[in-house]
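Inspection log for the structure reproduced underneath, given as structure tokens.
In my numbering, the protein residues as written are 960 to 1358.
What follows is the structure, encoded as structure tokens:
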């Protein structure tokens, strides 16, 4: 019996080998042929922008296999391109150059104040980043003395690896007082949830909340009675850059109770991701923690550590890519990804128009001009069932 089995296996293996050999023999090699091809001269493309082959290549009496051109790195590039002509698949080498012509971004005011004899890192006192270069050169131009009281007129300059630069003039004040003394926070007026509901509820909106451990133990029956139509729950957070991922202490209770009373749920993760690996890991981690619950609305990427970007070698394109990876991973797993940010950073940093946005803008009427699906309009909401303040949101169903 064993001999028969081995004989059959031997015949099968020989048959498979013959099929592979015959298949390879019948496969015609792709001809490298430029005779049907017309390509623009001296093609120069901007880094990390979308370009298609069809916009630069014409095939005479044939059909181009169109695709995106790789612009992820600067420099002279060569890309293998395929087309069909005379019923034959052919190829040619497409040559082009990718350049970075975008100046670095500098954000911040026109003055800095520090205590005498302090040791501030002035180059990190402003927000600065480049679209492509994760570590542009940062320098302070002008003379100053941190050990001498006075005011110094200086310039902050940022130069990227392609020679693009931006600069900002500012005044450095050295005094005996507190470094950059903070202004006392203005007392925020409390806003009743019912009032927001009456003002913003329509057939195309849902009114809801977002919650985390900071709201403590919530009475979800009261939320339901008071017309909360959805709730975004913090699933967890990263414990700083390179830190571990931690579940929100109230996540399980919050999502269980929301499911019990029938308030539709979405979730968010507070991230410090610096690498594509981290962004994907965090998406998988979030999905793993919500998979046993009913989740109706998006799972959201929430990055807010803007002051730390210069120290952690993050480019603007790189930062946007991390959010895309998180959202794409969430989408692949059957949920809906979304990005959370304030109006200021949506205008200056994020370039994610193809993805859903959760806008934070604390005002009676937002003037943000970009697309958004949820608007967080206050962090000072009041509602029965929650002791203390809570964020209130409007979700748009047909935006």
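Note that CB positions come from ideal geometry on N, CA and C, so glycine has one too.
Predicted model, so just to flag it, every value in this text is computed and none were measured.
So if DSSP puts residue i in a beta bridge, which residue, or which two residues, is it bridged to?
i: residue 1180; result: Its beta-bridge partners do not exist; DSSP assigns none.
i: residue 1384; result: Residue 1384 lies beyond the residue range present for the chain, which begins at 960 and ends at 1358; the question has no answer from this structure.
i: residue 1167; result: 1189 and 1352
i: residue 1066; result: 1086
i: residue 1174; result: Answer is none; residue 1174 lacks a bridge partner.
i: residue 1134; result: 1074
i: residue 1129; result: 1113
i: residue 914; result: With the chain covering only 960 through 1358, there is no way to say anything about residue 914.
i: residue 1038; result: 1053
i: residue 1099; result: 1115
i: residue 991; result: 1050
i: residue 1334; result: 1318 and 1353
i: residue 1022; result: 1043
i: residue 1262; result: 1230
i: residue 1003; result: 1056
i: residue 1197; result: 1204
i: residue 1027; result: 1011
Within 10 angstroms of its Cβ, does residue i collect 16 or more other Cβ (buried), or is it exposed?
i: residue 902; result: Any answer about residue 902 is impossible in this case: the structure gives the chain only from 960 up to 1358.
i: residue 1241; result: buried
i: residue 1009; result: exposed
i: residue 1233; result: buried
i: residue 1052; result: exposed
i: residue 1269; result: buried
i: residue 964; result: Confidence in residue 964 is poor, its pLDDT being 43 and thus under 50, which makes the residue's placement too unreliable to answer from.
i: residue 1045; result: exposed
i: residue 1357; result: exposed
i: residue 1174; result: buried
i: residue 1288; result: buried
i: residue 1042; result: buried
i: residue 1084; result: buried
i: residue 1219; result: exposed
i: residue 1011; result: exposed
i: residue 1116; result: buried
i: residue 1152; result: buried
i: residue 1303; result: exposed
i: residue 1087; result: buried
i: residue 1197; result: buried
i: residue 1123; result: buried
i: residue 1261; result: buried
i: residue 1217; result: buried
i: residue 1108; result: exposed
Taking the straight line between their C-alpha atoms, what separation do you get for residue i and residue j?
i: residue 1056; j: residue 1030; result: 9 Å
i: residue 1194; j: residue 1098; result: 40 Å
i: residue 1249; j: residue 1207; result: 12 Å
i: residue 1134; j: residue 1074; result: 5 Å
i: residue 1106; j: residue 1132; result: 11 Å
i: residue 1259; j: residue 1333; result: 11 Å
i: residue 1316; j: residue 1203; result: 26 Å
i: residue 1399; j: residue 1283; result: Lying before the first or after the last residue shown, residue 1399 is absent from the chain, which here runs from 960 to 1358.
i: residue 1335; j: residue 1226; result: 14 Å
i: residue 1160; j: residue 1338; result: 18 Å
i: residue 1376; j: residue 1201; result: Outside the modelled stretch of the chain, which goes from 960 to 1358, sits residue 1376, for which no answer is possible.
i: residue 1184; j: residue 1136; result: 52 Å
i: residue 1110; j: residue 1072; result: 9 Å
i: residue 1281; j: residue 1101; result: 36 Å
i: residue 906; j: residue 1006; result: Residue 906 is absent from the structure shown; the chain starts at 960 and stops at 1358.
i: residue 1300; j: residue 1047; result: 51 Å
i: residue 1229; j: residue 1035; result: 39 Å
i: residue 1120; j: residue 1033; result: 10 Å
i: residue 1323; j: residue 1154; result: 12 Å
i: residue 1305; j: residue 1286; result: 16 Å
i: residue 1148; j: residue 1158; result: 17 Å
i: residue 1257; j: residue 1346; result: 26 Å
i: residue 1329; j: residue 1264; result: 22 Å
i: residue 1190; j: residue 1255; result: 10 Å
i: residue 1298; j: residue 1192; result: 14 Å
Just to confirm, are residue i and residue j a CB contact at a threshold of 8 Å?
i: residue 1170; j: residue 1349; result: yes
i: residue 1199; j: residue 1231; result: yes
i: residue 1293; j: residue 1314; result: no
i: residue 995; j: residue 1020; result: yes
i: residue 1081; j: residue 1344; result: no
i: residue 1214; j: residue 1179; result: no
i: residue 989; j: residue 1016; result: no
i: residue 1039; j: residue 1050; result: yes
i: residue 1114; j: residue 1127; result: yes
i: residue 1066; j: residue 1275; result: no
i: residue 1013; j: residue 1023; result: yes
i: residue 1341; j: residue 1187; result: no
i: residue 1164; j: residue 1355; result: yes
i: residue 1168; j: residue 1310; result: no
i: residue 1058; j: residue 1090; result: no
i: residue 1070; j: residue 1130; result: yes
i: residue 1209; j: residue 1253; result: no
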